[in-house]
Structures are given as structure tokens and as C-alpha cells.
Amino acid sequence: MSDSALTVTDLSVRYGAAATALDGVTIDVPRGEIVALLGPNGAGKSTLMRSVSGLLSVHGGTVTNGTVEVLGVDVTRMRPSARVRNGLAQALEGRQVFPDLTVGENLAAGAYVRRYKKAEAKEVRERVLSHFPKLHDLMDRQAGYLSGGEQQMLAIGRAMMSQPSVLLLDEPSLGLAPKIVETVRDVILDINSEGTSILLVEQNAAMALSIAQHGYILEGGRVVKDGPAADLRNDDEIVSLYLGVTPTEGAGQHG
Amino acid sequence: MTTTVSAPATPQTAAPAPGVRRKRLVVLGVAAWIVGMVLVPWVVQSDLWMGIGIFALIAAIGALGLQVIMGFTGQISMGHAAFMAIGAYTSAWLGVEKEQPFWIWLPAAAIVSGVAGAIFAPAAVRIRGLYLAVATLGLVFIGAYVWETWTTLSGGDGGRVAAPVVINGQDLLNGYWSGDTQVLTLFQAWWYFALAVLLVVTVLAWNIKRSRLGRAMMAVRDKDLAAGVVGIPVTRTKVVAFGISSAFAGVSGALLTAYMGYFTPSQWGLMLSVDMIAMVVIGGLGTISGAILGAFFFKVMPELINWLAQYLPFISQDAKVDGGVTAPLLSQFLYGLVIVLVLIFEPRGLSQLCRRPFTRLRAGRQEETR
Amino acid sequence: MTLFLQLGFQGVALGMVYALIALGFVIMTKGSNTFNFAHGEFVAVGAYVVLALMPHMPYWLAFLGSVFVTVSLALLVEATLLRKLISKGLTTVVLATLGVSVMVHALVLMVWGVGTKGSAGPVGSGTVEIGDVVLPLSSIATIVSSVLVLIALLVFFRRTSYGLALRATASHQEAALAQGIDVGRMFALSWAIAAALAVVAGIFLASFPRVVSPSIAVVALAAIPAIVIGGMDSLAGAVVGGVIVGLIQVLGAGYLSDYGGGRLHEVLPYVLMLLVLVVRPYGLFGSRGIERV
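For the protein sequence lines, the chains are A, B and C, in the order given.
Take 1 as the starting number for the first sequence in our numbering and just add one per residue.
Take 1001 as the starting number for the second sequence in our numbering and just add one per residue.
Take 2001 as the starting number for the third sequence in our numbering and just add one per residue.
Listed below in C-alpha cells is the structure:
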């Protein structure tokens, strides 16, 4: 039985005929851990997420080399639905709830692949909602009318409905007020404490590194740096590039 | 959004640059085509096939019009038949009731149809997506109703006489005579007349395609959102394209009825619009040659099937009330099938299929000169 | 007054038929991002197959047989055409459906000929009298059956997991994919539902006082003004639009037959459609996002 929840090995991805988006990327998310994926815009973070979840072809991309394994199972050739059945779930960048469906229906859509019996469905929903008490009162509200923070909670909750082993979170703090970001952060920790492994793509490097055990820096389609989160937090280069402060000033402020 | 990556230029050798060579080949090809077209009436002896050819030439004019709105500007129009009808009735009224010569009624047909198109268009083209297709669907049904009901213009279900083409006092439907000798049969005379008009329209279409307007049209086709952002007046471009397309349709309709001599309201239904779309899709969306090739294919194929029907036992040549594979139905089925096949396998249509041997030739020659 | 009630009732009945066809259009559009011009031909196929099977078996079996044939045809088209062409853009797909409609039309004529046939409806030409008002049984059957179908559709969409998955796909295709919903299967499902609706519409479109004939497909196209009037992406709009078009046609035939050459009522829905496009392009219930360039 593999020790790793998610392993990406030597992955290369190309959009269309020419543009190489990822070049020999290797990433490992150990079981039960949170791994942060950082990097500037256009570095290939979204591409990597899509390669893992299977949505690459929707955007015109192809895997030219390498593999993706979830819990030891090679999913590289699998369709998205198969990957979800194998324990993968994703909260897309920009939340992407089903705007015409209610909160309750959004959650039910997340549970679709598992075909729960009625009783089990209820149980799973209660468990997911325990992480998001606010959503309880919004169950019949159309998701399109929720606030950004509420939608983010819904997106994560929806992903949890399939009881995934690996959760991909793509920029969960994007566009959210600092207070809400705090709540999101706590939710992620909560979910992780229950055993779900998490790959966290974030522009908010401080938040990501504060909860991750390990981190990868992606630049120009390649992994340029990786290591334990603690080391990355203290790495001067990282701090100045991504944490937005000069090393002497900000070190140790977040975390 | 698509980005085009251009291939690196071939290394310079003693031969002239590929662009110039290509242009020469195109000019040569067009010249050869024109010469061939001029020679046709002397080579083809069968009246049947000459008739088909004339219908094809006339249809090609309409197809070119449809190419402007569909191939260049990327908008689906189901209303082409309605504008062909407007051209037909305009020309008939001017040519028969008002006894005007063809060099009055033919341009008039173009102008009236074109203006009608330009008036109609703004309502439908402001909205993205299929709204033009749907609106023009309404237009063709409303048009069909108008022709049937406006009996003083259309002659009702019984139909009416069309405008004659009179050159030097001679109605071309009788051929062209010099004194007592017939210089040209009606088919030959009409072939040249239709060919002349087609050539004029083709030159127009060619110029439009290469002009700023043409580039604007293609930008709208490829991504109208992006086109708007770059400063192209999207709505105005679509309206102009639709007006031009309708004008060509009017010319085609006028010529069609003039050749037939007599026409009824039932000709201008949805089926005619679909036939025209078929021509443009099968021939290849976006190219001049595609429109013309498609028109010829569309007119020639039913006759080929008809001819084949003699040899195939299961195809009868008479229509039956209770079913049965007839030549016209089989050919209709086939053209529907060809539309689908073209879209799946070679969206650039027959004209691209015809070019393939030439591109391979050219590529081969370029290999030699390296 | 009795004339108005009689015509109104029949108008609603015809309207329900248009509503079912319009629903098919909208479901295919929302469920698979396409517009299927061949839908009218599917209605025709539905009616013709029922008629062909009717003499050999009980009516309900003939109906099911037709559903089987028509749905299979729709799925065949969807699998071969749609999947291959969806990446090439909406225009290409729509043109392909146009090609399909030509093929199916020719096929219908080859199999069954150009003549008009009998009625494909479940009830004959009988009538019912309520006071002074005479109502055709076929209109009653049409309305009752259509309402039942609508209720079934509602239950399907709101209470089953397939219905939920279909709505999710229509709402946000990529997110649906990300949740593990098989979007390809949802496309097929939307076409299958539309085809089934087409068969129901077909048998009532070919019910007294109308019959099965090749022109059914063109008559079915009147559902297009219905969806424009109702809003091209609205299911409720399809139903309301359909009823409006039906009322216009029947009341128009009754009251306007002296004006405009006697066929004005056939063309009025299209006139109304053009008006709606100018004044309020998203229709009664459509979403505004579809608007201006």
C-alpha cells in the first residue's frame, strides 16, 4: 500500500502544438499531509491541477510525458469521472459553484459519483456541513447569490461530499477578505485533521506555508525549489519573492 | 482564442520566393478556369448538361453571396431564399410591368435586395449566437407568406412571367441571331450571360475578401468579442456583410427567374435556403472557389444520380406516393450526408480536396529546388 | 363566446404540443450546448413510426416502439456528430444538424412516400360537449398527456440524481466534470429526453384534426418562435412560449381567416418572434446574459 496520496512523476504538458506548459514536474503529496504549490502567475500551477484532475483536455492541453498516481493507482489515462471515483476531488479556481442550483443541490452534485443510499447521503452531508455551519442556513439559497466566501465554503464542501482521499484546492483564498481567508484556512486544517490529504495551490504563500508540511515552487513550468514548509518560510528568496516583505522585516510575522 | 504559429520561411534559393510563385499559380489557375468556362458551350453538346451548367452558374452567384455572410463573417443565415425572391420580384416587376432593360432591372434587383438585407440585419445581428439563424428562419417563412398572398405581384399560386434578358433587341431565351442565322443557341447565349455576371460578382467578392472590410468580417467570424475589443465595429460589419450577401442573392434570384421565364411563390421556401447553405458548406466555407464549386456540385450531383439510376435496380426514377428510393430523394439524402461528412472530415470543403494534389505538387517542387 | 372557448381550448392543446417540442430544443441546448435543427424531423419520425406500428400491436406498444426508434436515432446522431464536432464550435455543429435534417427528411420520404397518411393519435375524432362548447377528444388527450409528461419531467429534474447531474452540467459544464459527472453521458441523456418528447409531440401533432404527413417537420419548426418568445434557455419559457404560439395559430385561423389571404395565422408566430428579437431578445423568461455583441 502506497505511502503517498498523490504522486506526479516527471510530468510534461503541452497546450496546442507548441507551447510547453509543464516540463518534467515531480510532486509528491504524502498521506495525511498538506502540500503547498506556489509560484507566480503563468507558472503552470493551474495546468498541474488540471493534469491531476483530468480537466486538461477541456482547455486544449495534452500530457506528453509522465504519470499521475492517486493512492498508487495510475490515473494518467483516466477520465475525470474515474479519477473522482478513485478518491480525487477538486475545488476549482474561482469557486465555480453551480449558480442555478441551490446550496443543497450543489452538495448533492458533489455526491453524485458515490451513489449513496438515502441514509448514507444524509450522514455524509451532515458531516460535511459540520465544517461549514453557515451553509446550514443557506441550503435552499441559489448558489449564484452567495457571497464569495460562502461560495468558497460551498465549493470545498461540495468537493468533500465524495469523501475524497485527496483534495485539490485551487486558489481558495482568491478574492476573499483576510478574515474569510482565516476561516478558509481553519477549514482546510480541519479537513486535513480528519485524514484527507491536500494539494493546495495558492498565491497567498504566507497562508499556504502556514498550514502545509511541504511546499513546491513552480516557475516557468518547472519545480525550482521544494522542501519542508518551515525551511521555505525561512528561505530569504522565497520570503522576499512571495511573502512580499524583505527578509529582515517580515520573517516570523505569519504562521 | 487561436494563435497562429507561422512556419519558418523556406531558405532562399535561385527560385523566386514562395509567395510570388503561389500568386503566379493562382493567376494561372484562374485564367485557365476562365478559358475553360468560355470554351464549355463549344465542348458540351448536350442541352441537358448546358441547362444544368447555367443553373449552376446562377446558383454560384447566390452561393457567393451566402459565402460573404457565412464563410467570411461566420453567421448562419436561413433567409437567403427570401432575398433571392426579392431580387426576382423586383426584376420581374421592372422588366415586365415597367418594361425596363436588363441593365436596369439586374442592378435594381441587387440594390433592392441589398437594402432590404441591410434594413433587416440590425435587428438580428446585435445578438451573439444563433439569433441571426433563427431570425432569418422567420424571415423566409414570412417571405413565403408574402409572395403567396401578394398576388398582384406574384401571380399567386399560379405564378407569373419573369423579366426577359434582351440584348440588341433579342430575348436570349430564343438564342442570339444575326439576321436569319442563329449565332448562339439559347443555352450558349445564356451560358455567356450568366458567366459574365458571375465573373463580375466573383471579382467583387474577391475584392471584398481582400479589403479592410473583408478582414474585419473574418475577425468577427473568428472571435467577435476580441474583434470588438480591437476596435472593429462588429454590428456594423455584420450589417454590411448581410447587405452584400442579400444583394448577391437578389442578382441570383433575378437571373434564375429570367432564365426560367416563369416562376411561382413556392420556389422561395426554406428548402431553397438550405440548398444554398449546402452549396457553401460542401464547397468549403470561406473561399470563393468553394462557393462556385459547391454550386456546381449541387446542381450536377442529382443529374449524376439520375443517370446512375438506370443501372441500379433499387432506384426508380418516378416519384411514388408510398415510398421508394427515387433518384431525387437519394440525391437529397446524399447531399445531407456530404454536408455532415465535409464538416467532420474536411471543413474547408471540396475546394480544399481539390487543392490537395496541387499543394503536394508544390511541396514536391520546393523539395527539388533546395 | 363558445367559438372563443372552443378555439382557445384547441389552441392550448396545439400549444402544449409546441411546448413539448420547444422543451426538447431547450433541453438539448442547455444540456449539450447545441442547437439541433433536425429536431423537427425527429418529431416527424416519431409520428410516422407510431403510425407504421399501430396496425400490428396495441397503441401503447406502438408508442414505446417509436420512442425506442426515435431515441436510438437521436443517440446515433449525438454520438457520431456531436461528440466529433463539439470542439469545432457551435456553428459547425448547427450546420451538421442541418445536414442531418436533410438526410432524415429524405429518409422519411423514401420509406413512407410523399402522401399524407392517417392519424397517429391515441384517440379518434370524437368530441365532448360541455354546455354549448364542443371539445375534441384529441385536444383533451393532448392537454392531459402533455401535463402528465411535464410533471414527469419536473420530477425527473428535481428529484432524481440523473436530473440533478443534467442540471449541473447545464449550469456549469466544467464544474460538473470536476465533480465526476460524465458530461458526455449527460449530452446523450439530453438528446434522448428531447427525442422522447418529440415522439409525444408527434403523435398529438398528427392527431385529429391533423394527420401524418411530411410537412409535420415544418409545422414543428413553429416551436422555434416559441423558444425565442419564451427565452431560449428557459424551460418554463418553452412551455409558455409554446402555448402562446398554439393560441395564436388556432385563434388566428378562426378569427383572421378573412384577412391576409387566409394563411396569416401560420406566419404570425414568426412575426411575433421577430418583434421579440427587436424589443426583448432574451424573451419572457430567458437570462439576460445572452445579449448584445
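Note that the Cβ used here is the ideal one computed from N, Cα and C, for glycine as well.
Predicted, not measured: the structure shown is a model, and the values here were computed from it.
Contacting residues, own chain, Cβ-Cβ under 6 Å from residue i (five flanking each side not counted)
| i | result |
| --- | --- |
| L2135(C) | F2009 and V2128 |
| L1198(B) | L1057, A1060 and I1061 |
| S2138(C) | G2121, V2123, S2207 and F2208 |
| Q1067(B) | V1280 and A1291 |
| A2013(C) | S2139, T2142 and I2143 |
| M2001(C) | none |
| P1011(B) | Confidence at P1011(B) is low in this model, with a pLDDT of 49, below 50, so the placement of that residue should be treated as unreliable; the coordinate-derived value is given next. Counting only Cβ-Cβ distances below 6 Å, and skipping sequence neighbours, we find nothing. |
| V2199(C) | G2046, S2066, V2067 and T2070 |
| I2248(C) | L2268 and P2269 |
| G2040(C) | A2217, A2220 and L2221 |
Backbone secondary structure at residue i - three-state DSSP
| i | result |
| --- | --- |
| H131(A) | coil |
| S4(A) | strand |
| H214(A) | strand |
| Y2255(C) | helix |
| E93(A) | coil |
| A36(A) | strand |
| L2221(C) | coil |
| T64(A) | strand |
| R1160(B) | strand |
| A19(A) | strand |
| Q1310(B) | coil |
| P2122(C) | coil |
| T1202(B) | helix |
| T1136(B) | helix |
| Q142(A) | strand |
Best match in the options for proximity to residue i [C-alpha to C-alpha]
| i | options | result |
| --- | --- | --- |
| E1282(B) | E1303(B), V1044(B), Q1310(B) and L1337(B) | According to the sequence shown, residue 1282(B) is Ile rather than Glu. Residue L1337(B) is the option with its Cα nearest to I1282(B). |
| V2114(C) | L1329(B), G1129(B), V1239(B) and R1356(B) | L1329(B) |
| Q64(A) | L146(A), Q96(A) and V25(A) | First, the amino acid is wrong: residue 64(A) is Thr here, not Gln. Considering only alpha carbons, the answer is V25(A). |
| T2092(C) | M1260(B), L1285(B), Q1267(B) and K1238(B) | L1285(B) |
| S2287(C) | E219(A), D100(A), Q203(A) and G227(A) | D100(A) |
| F1263(B) | R1021(B), V1161(B) and I1086(B) | V1161(B) |
| V2279(C) | S2213(C), L2264(C), V2228(C) and A2222(C) | V2228(C) |
| I217(A) | A36(A), A206(A), Q151(A) and T47(A) | A36(A) |
| A2222(C) | G2241(C), V2212(C), A2236(C) and P2214(C) | G2241(C) |
| L176(A) | N192(A), S165(A), A159(A) and Q203(A) | Q203(A) |
| E93(A) | E33(A), A230(A) and N41(A) | N41(A) |
| V2100(C) | V1340(B), G1349(B), A1254(B) and A1144(B) | V1340(B) |
| G72(A) | T9(A), K118(A), G60(A) and T20(A) | T9(A) |
| Y1192(B) | L1048(B), F1055(B), R1356(B) and R1021(B) | F1055(B) |
| V1038(B) | A1189(B), F1333(B), V1112(B) and S1154(B) | A1189(B) |
| E219(A) | A108(A), T47(A) and D3(A) | T47(A) |
| I1244(B) | G1053(B), H1080(B), L1195(B) and V1183(B) | H1080(B) |
| I1167(B) | P1101(B), I1142(B) and D1180(B) | P1101(B) |
| V1325(B) | A2194(C), T2116(C) and H2105(C) | H2105(C) |
| K1098(B) | A1163(B), A1194(B), W1147(B) and R1022(B) | A1163(B) |
| A19(A) | G60(A), H131(A) and I27(A) | G60(A) |
Proximal residues to residue i (C-beta, below 7 Å), its chain only, five neighbours per side dropped
| i | result |
| --- | --- |
| A1135(B) | A1123 and A1124 |
| S1351(B) | G1283, G1284, T1287, S1289, G1290 and L1293 |
| L1251(B) | Strictly speaking, residue 1251(B) in this sequence is Val, with Leu absent from that position. Cβ neighbours of V1251(B) beyond the five flanking positions: I1061, G1087, L1106, A1109, A1110, V1197 and V1201. |
| Q152(A) | R95, P172, L176 and V184 |
| L1312(B) | none |
Residue burial classification, residue i (beta-carbon count within 10 angstroms, cutoff 16)
| i | result |
| --- | --- |
| E69(A) | buried |
| Q90(A) | buried |
| W2060(C) | exposed |
| D236(A) | exposed |
| W1093(B) | buried |
| P228(A) | exposed |
Spatial neighbours of residue i in its chain, beta-carbon cut-off 8 Å, leaving aside the 5 residues before and after
| i | result |
| --- | --- |
| L146(A) | V97, V103, L138 and L154 |
| F1072(B) | I1208, K1209, G1214, M1217, M1218, R1221, A1241 and G1286 |
| P1008(B) | Because P1008(B) sits at a pLDDT of 48, beneath the cut-off of 50, its placement in the model cannot be relied upon, and the following sentence gives the value as read from the coordinates. Excluding positions up to five away in sequence, the list is empty. |
| A5(A) | V29, P30, R31, G32, E33, V70, L71, S165, V166 and S197 |
Residue i Cβ short of 7 Å to the ligand FAD heavy atom set
| i | result |
| --- | --- |
| M1279(B) | No copy of the ligand FAD occurs in the structure displayed, which carries no ligand at all. |
4-residue-minimum alpha helix (DSSP H) runs that sit fully inside the stretch 166-204 of chain A, ordered along the chain: For the stretch 166-204 of chain A, the full-length alpha helix (DSSP H) segments reaching 4 residues or more read 178-193 along the chain.
Secondary structure, alpha helix (DSSP H): runs of 4+ residues fully inside the stretch 2174-2232 of chain C: Within the stretch 2174-2232 of chain C, the complete alpha helix (DSSP H) runs of at least 4 residues are 2183-2205, 2216-2220 and 2223-2230.
Whole runs of the alpha helix (DSSP H) within the stretch 1263-1304 of chain B, excluding any shorter than 4 residues: The qualifying runs are 1270-1283.
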